[in-house]
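Residue numbers (the working numbering), protein chains in the order written: chain A, 7 to 346; chain B, 37 to 288.
What follows is a short report on a single structure.
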């Protein structure tokens with residue numbers, strides 16, 4: 007039985023709001039929840055109702071708020087990239103992490119962290135991640151594409167090869183790095199949203215808006231693509247230009263997510279799957295619901311990462327992997343049963 | 037109308053398909069016959085533009101490439117041999133994909149989809165998961181999708197069927213070809229179908245062509261093409277030709 011799209015969106019939206027409230031009001035430093043929210047209202051309305059010290063206000067507005075927003079946008083971007091990639095490859099197991107796009111983007115980001123001066127990191131790291139992610143996507147696409155469509159087998163093998171190569175490369179750079187860079191790199195690699203700040207949030211928001219708008223425009227075409235490329239072409243869709251745009255959009259989204267928060271696995275795989283089970287595979291609903299659900303998942307993971315061992319912090323990538331990897335194994339079991 | 041002239045298509049060193057002239061005309065069902073590897077599927081791919089050759093295929097006297105892709109989709113529909121789908125669409129959602137190139141409003145669209153699903157004998161499958169359907173049911177759902185796609189054509193639509201009866205049981209085979217026949221006679225569809233069953237070709241086709249090793253070796257009304265000699269020569273089978281009560285030949 008399928009849940010209709012609009013009520014699902016309302017429920018997910020409500021949960022997202024709730025998650026955002028928790029994320030804003032809870033943390034290593036104890037600040038009264040009511041005052042935390044008033045501080046936000048003060049910024050919006052220009053009033054001064056919250057009774058907070060300057061440093062408490064700063065924690066809310068300069069740490070928790072950007073971090074909350076970044077988690078939501080990055081989660082939404084990753085989930086939509088996953089949905090788009092699964093549609094493009096016509097396979098529910100395709101995910102930017104599994105097929106190696108994230109690993110490729112990580113190489114670009116690591117190179118940028120290593121080579122570029124720290125004060126230019128806000129643009130050099132996303133650019134490096136995007137370029138390397140794009141190059142990787144194109145390589146994988148060329149590799150996996152045969153006369154009869156895309157080979158999933160080669161797709162997954164390409165993912166293994168590229169991830170291994172990327173891992174070796176990143177290991178090499180890590181070896182060359184000094185102590186402070188080393189710590190930054192390894193933290194970043196495991197995925198963390200701790201670096202959230204104004205510019206990063208803005209970039210993530212703009213990228214999400216672009217991605218969401220473009221993908222939604224192509225929702226019908228993505229549905230048709232699930233039938234097969236020839237079938238989509240017969241339905242009047244310019245399949246080649248569609249795929250080109252999808253590859254670029256996904257590289258953009260993944261590159262940005264990786265540069266802002268490191269490699270956060272499984273969101274792009276688990277979320278679209280869950281949404282399909284909830285509301286069906288039609289992309290008109292799948293894309294927006296995935297965005298909501300992806301934002302929610304990463305937000306929950308980040309809150310848990312901050313609170314579980316407070317005041318220390320877990321890398322959020324570990325949590326999404328803890329949630330996502332078993333789910334992936336479950337999927338493999340299902341596939342096995344289906345083909346048996 | 038779909039027309040090819042001086043078609044010459046070469047693949048590798050071993051396969052060439054050459055046809056001087058052939059057309060699929062409105063109001064008729066034309067069958068493409070031949071053994072496996074004779075070039076039937078290649079011909080179909082060339083006809084719908086999936087495979088390219090030097091000579092352009094003409095759809096209503098205009099080269100396929102010169103058509104706006106969306107316009108073209110409304111006039112040329114292709115039923116593939118088998119369609120796999122790894123996602124849990126319902127049968128109705130698959131049929132609704134045929135609406136993509138159309139400009140129907142919501143109400144008209146729903147009506148068109150429902151009417152066509154009844155006509156193709158799959159209305160009762162509407163809510164079922166496409167992946168749980170049998171091969172025959174899938175093919176009928178796909179046919180419904182393509183008929184939806186062609187439902188807004190401004191000129192006679194062309195319908196290409198790649199072995200539309202391969203996964204159907206006896207009754208369904210006849211219902212599918214009956215429907216094709218009806219679309220041709222009553223609504224002026226131009227239909228071309230690859231058929232393996234010669235008896236079905238005799239019964240439902242107005243004209244047929246016989247391909248052998250990439251060449252068009254016979255064409256005309258079914259009774260002239262499907263002869264004892266041709267079957268012996270191309271299929272290597274010594275057939276007995278009976279005559280039905282209606283005076284049509286029956287291959288046994």
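We put the beta carbon where it would ideally sit given N, CA and C, even for glycine.
Please read these numbers as outputs of a predicted model, since none were measured by experiment.
Asked                                                                                                                                                                                              : Found
Can you tell me which of the three DSSP states residue 72 of chain A falls into?                                                                                                                   : helix
Is any beta-carbon of chain A found at less than 9 Å from that of residue 200 of chain B?                                                                                                          : no
What residue ranges within the segment 178-225 of chain B form continuous beta strand (DSSP E) runs of no fewer than 3 residues, ordered along the chain?                                          : 194-198
Let me know if residue 279 of chain A comes out buried or exposed under the rule of 16 or more other beta-carbons within 10 Å of its beta-carbon.                                                  : buried
Going along chain A, which residues have a C-beta under 9 Å from residue 51 of chain B?                                                                                                            : None at all; the shortest Cβ gap to chain A is about 14 Å.
Is it the case that the Cβ atoms of residue 194 of chain A and residue 201 of chain A are separated by a distance below 9 Å?                                                                       : yes
So the candidates are B:52, B:48 and B:238; which of them puts its Cα closest to the Cα of residue 214 of chain B?                                                                                 : B:238
What number of angstroms, rounded off, separates the C-alpha of residue 326 of chain A from the C-alpha of residue 304 of chain A?                                                                 : 7 Å
Touch check for the segment 122-133 of chain B and the segment 165-177 of chain B: three-plus C-beta pairs under 8 Å?                                                                              : yes
Could you name the residues of the segment 229-246 of chain A whose beta carbon sits closer than 8 Å to any beta carbon of chain B, in the order they occur along the chain?                       : 229, 230, 232, 233, 234, 236, 237, 239, 240, 241, 242, 243 and 244
Where residue 209 of chain A and residue 25 of chain A are concerned, what is the direct C-alpha to C-alpha distance, given to the nearest angstrom?                                               : 22 Å
Which value, in whole angstroms, describes the spacing of the CA atoms of residue 195 of chain B and residue 205 of chain A?                                                                       : 55 Å
Use the C-beta contact count for residue 223 of chain A: other C-beta atoms within 10 angstroms, 16 or more gives buried, fewer gives exposed.                                                     : exposed
Name the chain B residues whose beta carbon is nearer than 8 Å to that of residue 286 of chain A?                                                                                                  : 124, 125, 126 and 129
How about the segment 175-182 of chain A and the segment 127-140 of chain A: do they share at least three Cβ pairs that are nearer than 8 Å?                                                       : no
Contact between the segment 314-329 of chain A and the segment 41-50 of chain B is defined here as three or more beta-carbon pairs at a separation below 8 Å; is this criterion met?               : no
At which residues does the beta strand (DSSP E) containing residue 267 of chain A begin and terminate?                                                                                             : Where residue 267 of chain A is concerned, there is no enclosing beta strand (DSSP E), although the alpha helix (DSSP H) it sits in stretches over 245-267.
Taking the beta carbon of residue 35 of chain A as the centre, do at least 16 other beta carbons fall within 10 Å, making it buried, or is it exposed?                                             : exposed
Kindly list the residues whose CB is nearer than 6 Å to the CB of residue 84 of chain A, restricted to its own chain and excluding five residues on each side of it in sequence; keep chain order. : 263, 273, 274 and 300
Run through DSSP, which three-state label would residue 87 of chain B get?                                                                                                                         : coil
Just to confirm my understanding: we take residue 268 of chain B, look at its own chain, exclude 5 residues before and 5 after, and list those with CB closer than 8 Å. What are they?             : 274 and 275
Taking the continuous alpha helix (DSSP H) assigned at residue 306 of chain A, which residues delimit it?                                                                                          : 289-313
Just tell me which of A:216, A:207, A:249 and A:220 has its CA closest to the CA of residue 231 of chain A.                                                                                        : A:249
If we count the other Cβ atoms within 10 Å of its Cβ and call it buried at 16 or more, is residue 7 of chain A buried or exposed?                                                                  : The pLDDT assigned to residue 7 of chain A is 49, lower than 50, so where the model puts this residue is not dependable, and the model offers no usable value.
Report the option in B:47, B:78 and B:63 whose CA atom is closest to the CA atom of residue 230 of chain B.                                                                                        : B:78
Flag this pair as touching only if the segment 182-189 of chain B and the segment 81-98 of chain B have three or more C-beta atom pairs under 8 Å; answer yes or no.                               : no
Closest Cβ-Cβ distance between residue 106 of chain B and chain A: below 9 Å?                                                                                                                      : yes
Using the three-state DSSP reduction, which class does residue 293 of chain B fall into: helix, strand or coil?                                                                                    : Not covered by the structure: residue 293 of chain B. The range shown for chain B is 37 to 288.
Please return the same chain residues whose Cβ sits closer than 8 Å to the Cβ of residue 139 of chain B, not counting the five positions on each side in sequence.                                 : 188
With H, G and I counted as helix, E and B as strand and the rest as coil, what does DSSP make of residue 113 of chain A?                                                                           : helix
Between the C-alpha atoms of residue 146 of chain B and residue 335 of chain A, what's the straight-line distance to the nearest angstrom?                                                         : 40 Å
Are residue 198 of chain A and residue 68 of chain A touching if we call contact CB-CB under 9 Å?                                                                                                  : no
Work out the CA separation of residue 98 of chain A and residue 123 of chain B for me, nearest whole Å.                                                                                            : 8 Å
Figure out for me which residue from B:217, B:201, B:162 and B:114 has the closest Cα to the Cα of residue 64 of chain B.                                                                          : B:217
Does residue 98 of chain A come within less than 9 Å of chain C when only Cβ atoms are used?                                                                                                       : Structure shown: chain C not included; protein chains present are A and B.
Are the CB atoms of residue 37 of chain B and residue 226 of chain B nearer to each other than 9 Å?                                                                                                : yes
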